[in-house]
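Each remark here refers to the structure printed beneath this line.
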């Protein structure tokens, strides 16, 4: 019996920077 | 300056990594398109896609080995600076994955990238302002 290998799935928003536009400087 | 991105190699940028869009669709990281991010932000409700223009790229003063990226973000043209490893990929509208060192990105992640340049408009996210 081969253990089913779980494939990690990543959420789309983990790929792009969170640049809070209320930040400045 | 926002603290540096984690220097360990995030596995969600590894070629072949499975990404789940807000619509539930699954795609490989190398197959993502601008529309996937725009559509996911629309569906997700709480997040908003911003266009962040690269204004300057220079070696980080505070963190040797990292690069400081200076952005103007969103309608307010807010100024944001982040320090990242040169291989960190950014998604450029209409162009796809880009980094300051495409060779290192390909070496570490297997991800083919354009060269990130001043003037490139990157996909970033921010919280949807409550109406």
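Protein chains in written order, with the numbering used here: chain P, 12 to 36; chain E, -6 to 124. Ideal placement from N, C-alpha and C gives every residue a C-beta, glycine not left out.
Contact set between residue i and chain E, taken where Cβ atoms lie within less than 7 Å
i, result
"residue 25(P)", "5"
Counted within 10 angstroms of its Cβ, other Cβ atoms place residue i as buried (16 or more) or exposed
i, result
"residue 118(E)", "buried"
"residue 17(P)", "exposed"
"residue 80(E)", "buried"
"residue 49(E)", "exposed"
"residue 77(E)", "buried"
"residue 29(E)", "buried"
"residue 113(E)", "buried"
Terminal residues of the beta strand (DSSP E) in which residue i lies
i, result
"residue 49(E)", "40 to 52"
Within chain P, partners of residue i - CB distance below 8 Å
i, result
"residue 117(E)", "27, 28, 29, 30"
"residue 10(E)", "19, 21"
Proximal chain P residues relative to residue i, where beta-carbon distance stays under 9 Å
i, result
"residue 22(E)", "21, 26"
"residue 15(E)", "22, 23, 24"
"residue 101(E)", "Residues of chain P passing the Cβ test: none, with the nearest at roughly 15 Å."
"residue 75(E)", "28, 30"
Residue from the options with nearest C-alpha to residue i
i, options, result
"residue 91(E)", "31(E), 47(E), 67(E), 41(E)", "47(E)"
"residue 87(E)", "99(E), 116(E), 70(E), 122(E)", "116(E)"
"residue 15(E)", "6(E), 67(E), 25(E)", "25(E)"
Practice task
Examine the Cβ distances between the stretch 51 to 61 of chain E and the stretch 32 to 42 of chain E and report whether three or more of them are shorter than 8 Å.
Solution key: Because the criterion of three Cβ pairs below 8 Å is not met, the stretch 51 to 61 of chain E and the stretch 32 to 42 of chain E do not touch.
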